[in-house]
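**Q** According to the numbering used here, the sequence shown is numbered sequentially starting from 1.
Quick reminder that beta carbons are idealized off the backbone N, C-alpha and C, glycines included.
Got a structure here, written out as structure tokens. Questions coming.
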Amino acid sequence: MREGCCRVCSRGFYSCHWRHSHGMGSKRACWWFSFVAVAFLLSLCWMYIWLVSFNDREDVNWKMFQHLKRWVNWFMVVIVVSAVLTSYCTLLLLFALFQVALGEQLNLHWLHKIFLFFGAIIITCMIAGICLVWPQEWPTIPLSLQATAPFLHFGAVGALTLLSLFVFQRFHTAKKGSMFLIAMFLVVSAAILLCPLWIQSPCLIKMEELPEKPKLIGHRGAPMLAPENTMMSFNRSVECGVTVFETDVQLSKNRVPFLMHDNGSEFLLRTTNVQERFPNKTFNNSTEITFKELRSLNAGEWFLKTDPFHSVSQLSDDERKTARSQTIPSLHDLLDLAKQHNISVLFDLYSPNQKNDARDTEDIVKTISESGINQNLVLWLPPATRNMTPPGFIQIYNNEKAMREENGSHLNVKYSALSMGKIRNLTKENYTVNLYVVNERWLFSLLWCAGASSVTTNACHLLKDVDEPDWVLDPFIYKIIWISVDIVSVVIMMGLYIFERAEQRQYSNLQRKRDGSSFLFTPVTSFSALPEWCGPESA
1 MREGCCRVCS RGFYSCHWRH SHGMGSKRAC WWFSFVAVAF LLSLCWMYIW LVSFNDREDV
61 NWKMFQHLKR WVNWFMVVIV VSAVLTSYCT LLLLFALFQV ALGEQLNLHW LHKIFLFFGA
121 IIITCMIAGI CLVWPQEWPT IPLSLQATAP FLHFGAVGAL TLLSLFVFQR FHTAKKGSMF
181 LIAMFLVVSA AILLCPLWIQ SPCLIKMEEL PEKPKLIGHR GAPMLAPENT MMSFNRSVEC
241 GVTVFETDVQ LSKNRVPFLM HDNGSEFLLR TTNVQERFPN KTFNNSTEIT FKELRSLNAG
301 EWFLKTDPFH SVSQLSDDER KTARSQTIPS LHDLLDLAKQ HNISVLFDLY SPNQKNDARD
361 TEDIVKTISE SGINQNLVLW LPPATRNMTP PGFIQIYNNE KAMREENGSH LNVKYSALSM
421 GKIRNLTKEN YTVNLYVVNE RWLFSLLWCA GASSVTTNAC HLLKDVDEPD WVLDPFIYKI
481 IWISVDIVSV VIMMGLYIFE RAEQRQYSNL QRKRDGSSFL FTPVTSFSAL PEWCGPESA
């Protein structure tokens, strides 16, 4: 009899045996099936971690640039590798389950074993890499669960319901270990069905309790639409409706404050053509180059070549021409733009020598005074020289303790530095809480629900169009939903258990009536009639 296409493909992909082979699966095959399942869960968790970290992808690329001195989108490289591994493990697990459903042996081919082994090593190395190089990203994972946990729970309940069919079949046919199997299944089921009792999210609130939408602060302007820290970038952020320009200030050799984030050794390498313009010189800090020399550098061509946010294709020909002609702006240039549009300016100060902090502050305060901008529009972040700034400047703090001790009212921290409850409590106490850097909609929605006053973002053009959080749900309604889903799942699983038990009894009665008949010629009428695929080693 001709075998079905599904049966042949499943057997061929999993074991590379294109013909049906009789006999029961070995215990070794069962262990490899378990390894496939573990590899699938591991790759799925890793893929989730990396997708959640997409908000901070530029941190990865920046760290790699610091080591390699070459700008490559390393984050996307890891995304592609992770997606391939996850897809491979998912297909392998699906074909293994098809093997079980079709009564085939679970003989994993040796090539799959090698691929799985190396895949597990790759994922382990990448996790170790995060622990060593990027440990500050781990708090993002539990934070993300506050946005995704309710929906992950519904998916887990659905997967549990489907998996129960195979568990009950195994329970009814196994000779050994069936009680341990059902006990483990019950423990996992209880954990999944009851996990909403521990799920917390700021978006589990009534719609009328939703705080005001956070204001947007342009991180180095609008770096997804134009080269960062250029006048084109800040002009594009004005179109987004930002209330604050965020930038980084350094002083040149002739004491002119200019805008540049990168600092230290070869600080001009990433965002300018300094190697082409000065091939025989190396600038290790801002005090080694004059502002005239800085102004002669091109600060836009790199953006079109590297396309750091994969957004260059969205630019018109005129916008690309404008980006290509950008130069390094002075602080005075930015202050003039801020004064024109009544937008605040928030900046950090990078000084190659901390002994010069006082002198640098004097030069910057002088530049601000000469610009004629309203002092209330200046948000001062550098902590070392606060006492040297005019009283009209708004002092911004990077930790809550210092803010409270100095009777400040503005806090600026990384989005994962505060719990959602802490953010809500601070805003209730009339503190202004700004969180950086927020690019993804799910994260913006979560911080909106928590009551953040503002967020610093690279994606102002995307977040300005967000009219409400991704989801807001009344806690009572959510409780009704998850209890209903759990009840439906339990009823279905009970029905499957009863069905499998009845089929097994029917099959046992049929076996007793067939004198001398072989299992190999017994028609398979249900999952209960399947061979013991994780049974003892066959002789």
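(1) Measure the CB-CB distance between G264 and N285 and report whether it falls below 8 Å.
(2) With distances taken between CB atoms, is the gap from G241 to L210 smaller than 8 Å?
(3) Determine the DSSP secondary structure at Q250, reduced to helix, strand or coil.
(4) Please name the residue or residues paired with V433 in a DSSP beta bridge.
(5) Could you give the DSSP three-state label for Y397: helix, strand or coil?
(6) Determine the burial state of W31: buried for a count of at least 16 other Cβ atoms within 10 Å of its Cβ, exposed for fewer.
(7) May I ask you to report which of helix, strand or coil DSSP gives F98?
(8) From F115 to M76, what distance separates their C-alpha atoms?
(9) Can you check which of these residues, N342, R514 and P139, is closest to N376 by C-alpha distance?
(10) Please name the residue, chosen from F35, H461 and L204, that lies closest to M420 on a Cα-to-Cα basis.
(11) If you reduce the DSSP assignment to three classes, tell me which class G218 lands in.
(12) Between which two residues does the alpha helix (DSSP H) holding S257 run?
(13) Taking buried to mean at least 16 other C-beta atoms within 10 Å of its own C-beta, is S87 buried or exposed?
(14) By the 10 Å Cβ neighbour count, where 16 or more other Cβ atoms means buried, how is L162 classified, buried or exposed?
(15) Which residue marks the beginning of the beta strand (DSSP E) containing T456, and which one marks its end?
(16) Classify E228 as buried or exposed, calling it buried when 16 or more other Cβ atoms lie within 10 Å of its own Cβ.
(17) At a cut of 8 Å, does the region 272-286 reach the region 331-345 through at least three beta carbon pairs?
(18) Indicate whether K69 and E266 have their beta-carbon atoms separated by less than 8 Å.
(19) With DSSP as the reference, label L315 as helix, strand or coil.
(20) Using 8 Å as the threshold, is the C-beta distance between V244 and S144 below it?
(21) In chain order, what residues of the same chain have a beta carbon less than 7 Å from the beta carbon of Y478, not counting five sequence neighbours either side?
(22) In terms of residues, what are the limits of the beta strand (DSSP E) holding S351?
(23) Measure from the alpha carbon of H219 to the alpha carbon of each residue in W471, M493 and D348, then state which is nearest.
(24) Contact defined as beta carbons within less than 8 Å: I believe W74 pairs with V84. What is the distance between those atoms, to the nearest angstrom?
(25) Do I423 and A452 count as a contact pair if the criterion is CB distance below 8 Å?
(26) Use the C-beta contact count for S252: other C-beta atoms within 10 angstroms, 16 or more gives buried, fewer gives exposed.
(27) So, helix, strand or coil for L334, using DSSP?
(28) Less than 8 Å between the CB atoms is what I'm expecting for N434 and S454, so what's the real figure, rounded?
(29) Please classify F542 as buried or exposed, where buried requires at least 16 neighbouring CB atoms within 10 angstroms.
**A** For this structure:
(1) yes
(2) no
(3) strand
(4) L411
(5) strand
(6) exposed
(7) helix
(8) 22 Å
(9) N342
(10) L204
(11) strand
(12) Sequence inspection shows Pro at residue 257; the Ser mentioned does not correspond to that position. Premise fails: P257 lies in the beta strand (DSSP E), P257 to L259, not in any alpha helix (DSSP H).
(13) exposed
(14) exposed
(15) S454 to T457
(16) buried
(17) no
(18) yes
(19) coil
(20) no
(21) P150 and L204
(22) Taken as a continuous stretch (DSSP letters only), S351 belongs to no beta strand (DSSP E), as it is neither H nor E.
(23) D348
(24) That belief does not hold up - the Cβ atoms of W74 and V84 are roughly 16 Å apart, past 8 Å.
(25) yes
(26) buried
(27) helix
(28) 5 Å
(29) In the structure displayed, the chain extends from 1 to 539; residue 542 sits before or after that span and is not available.
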